Each structure stands twice: as C-alpha cells, then as structure tokens.
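See structure below.
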Amino acid sequence: MGLEFHITRAEFWADNDDAQITSDEWLSYIKSDHELKRDIKNGEYHSLWSGPSLYDESWLDWRAGNIYTTWPDTYLFRKMLEIAKHLNAQVMDDDGTIYSDELQWEYDPSTNI
1 MGLEFHITRA EFWADNDDAQ ITSDEWLSYI KSDHELKRDI KNGEYHSLWS
51 GPSLYDESWL DWRAGNIYTT WPDTYLFRKM LEIAKHLNAQ VMDDDGTIYS
101 DELQWEYDPS TNI
C-alpha cells in the first residue's frame, strides 16, 4: 500500500457523496487525453499515463467518485493537477492536505529503496 493522492471535488476525499466525479466523466476524460490509455486488465476505470515518469508504469484509477494513485512521482503529480483543473476538482492526499501548486510535491521513487 502507501500514500494515496486523490483527485476529488469534495472538501475531504472520503466524504464525497455530494461531490463525486462520475465514472462517465473519468472515462470521457481518458478518451480526450492522448497521454492516457485504459488498462482494463487492472480494472474497468484503470488507466496508464504515457507521459514522462520515474516509474515503469504510471497509473490512475477511479473509485467511489475520486481518481487516485499511490505514491505519484513528481511528473504524475503534475499531471494530476492538470486533470483536477479540467474536472473542476483538487488534488488531496489521504490526510486531506490539498495540493494546488506543482512545487508542493516532489517524489523520486528511486530514493525510497
């Protein structure tokens, strides 16, 4: 497991009953973004990101009205900010910290070995 980052419309990602990103919105966004590709072998809403990354596979998934990933590297984090802006949402970690600037999160997975 690990730290999850969420793209959410809620004040707190886990309490989003009245502020969900729908699965249809997410699938529509995937279709509109040439850097994202559905990866249904990992789930109906799972997608792989083809942008620059320090991981072999950078991924995003949708669950219960939020889009999420685990331990995004700096590049995927910046992509999440872009997606959040498009969906009128925000990026938030598990604890509810909101990230609105690309300089707020830097992570290189090779330093966590």
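Just so we're aligned, residue 1 is where the sequence shown starts under my numbering, counting upward by one.
A virtual CB, placed ideally from N, CA and C, is assigned to each residue, including glycine.
Bear in mind that the values here come from a model prediction, so they are computed numbers and not experimental data.
By Cβ distance, which residues of its chain are closer than 8 angstroms to D73, with the 5 residues on each side in sequence left out?
-> Within the sequence shown, the letter at position 73 stands for residue 73. Within the same chain, Cβ atoms closer than 8 angstroms to the Cβ of D73 are found at S53, L54, Y55, S58, Y107, D108, P109, the five residues on either side in sequence being excluded.
Excluding five sequence neighbours on each side, which residues of the same chain lie with their C-beta closer than 6 angstroms to the C-beta of S50?
-> On the sequence shown, residue 50 is found 50 positions in, with the first residue counted as 1. By the criterion of a C-beta distance shorter than 6 angstroms, S50 is surrounded in its chain by E35, once the five residues flanking it on both sides are discounted.
With distances taken Cα to Cα, identify the nearest neighbour of I148 among L48, G43, D94.
-> Here the chain has residues from 1 to 113 only, and residue 148 is not among them.
Specify, as a first and last residue, the run of the beta strand (DSSP E) that L36 falls within.
-> Locating residue 36 in the sequence shown gives position 36, counting from the first residue. Element bounds for L36: 36-38.
On the three-pair Cβ rule with 8 angstroms, is the stretch 3-22 touching the stretch 76-96?
-> Contact between the stretch 3-22 and the stretch 76-96 is present: three or more C-beta pairs spanning the two stretches fall below 8 angstroms.
Among A14, G65, W71, nearest to S23 - alpha-carbon criterion | In the sequence shown, counting from the first residue as 1, residue 23 sits at position 23. The shortest Cα separation from S23 among A14, G65, W71 belongs to G65.
Hey, could you find the ends of the beta strand (DSSP E) I30 is sitting in?
-> Within the sequence shown, residue 30 is the residue found at index 30, counting from 1. Residue range 23-32 is occupied by the alpha helix (DSSP H) that includes I30, with no beta strand (DSSP E) assigned at that position.
Expressed to the nearest angstrom, what Euclidean distance is found between the alpha-carbon atoms of W71 and Q104?
-> In the sequence shown, residue 71 corresponds to position 71, counting from 1. In the sequence shown, residue 104 corresponds to position 104, counting from 1. Just so you know, the alpha carbons of W71 and Q104 end up roughly 14 angstroms apart.
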